[in-house]
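Taking it in order: structure first as structure tokens, then the write-up.
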Amino acid sequence: MVINVLHPKKVTVPKTDFGGKLVKMYKTTPGVIFVFGFRIHFGGGKTTGFGMIYYSLDDVKKNEPKDRLARHGLYEKKKTSRKQ
1493 MVINVLHPKK
1503 VTVPKTDFGG
1513 KLVKMYKTTP
1523 GVIFVFGFRI
1533 HFGGGKTTGF
1543 GMIYYSLDDV
1553 KKNEPKDRLA
1563 RHGLYEKKKT
1573 SRKQ
């Protein structure tokens, strides 16, 4: 879904606030909501981004890319050395 946020008195709003509002609106848990790609419009006051809401954590792990899963702490990249 596309998320448009109006915030006339603030420069920007943290992503955690977007997630919190979506949790209340859709009555779900914060673990299944992913928001990303926010851009602030020139002059401030409006931000546009994307959001995904899944039914369960299994759906999240199956469909989300690994970089977004890592941001939420659901995936840990293995550390390997570059030398052979």
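Numbering (the working numbering), first residue to last: 1493 to 1576. C-beta atoms are modelled at their ideal positions from N, C-alpha and C, and glycine is treated no differently. All values reported here derive from a predicted model rather than from experimental measurement.
Residue 1497 is positioned such that its CB atom lies closer than 8 Å to that of residue 1539.
Scanning 1502, 1537, 1547 and 1509 for the CA closest to the CA of residue 1524 turns up 1547. At the C-beta level, residue 1567 and residue 1545 stay beyond 8 Å of one another. Under the DSSP definition of a beta bridge, residue 1538 partners with 1498. Contact between residue 1561 and residue 1553 holds: their C-beta atoms lie close to 7 Å from each other, under 8 Å. Annotation for residue 1531: the continuous beta strand (DSSP E) segment containing it runs 1525-1532. Of the candidates 1565, 1550 and 1532, the residue whose Cα lies closest to the Cα of residue 1500 is 1532. In the DSSP secondary-structure assignment, residue 1512 is not bridged to any residue.
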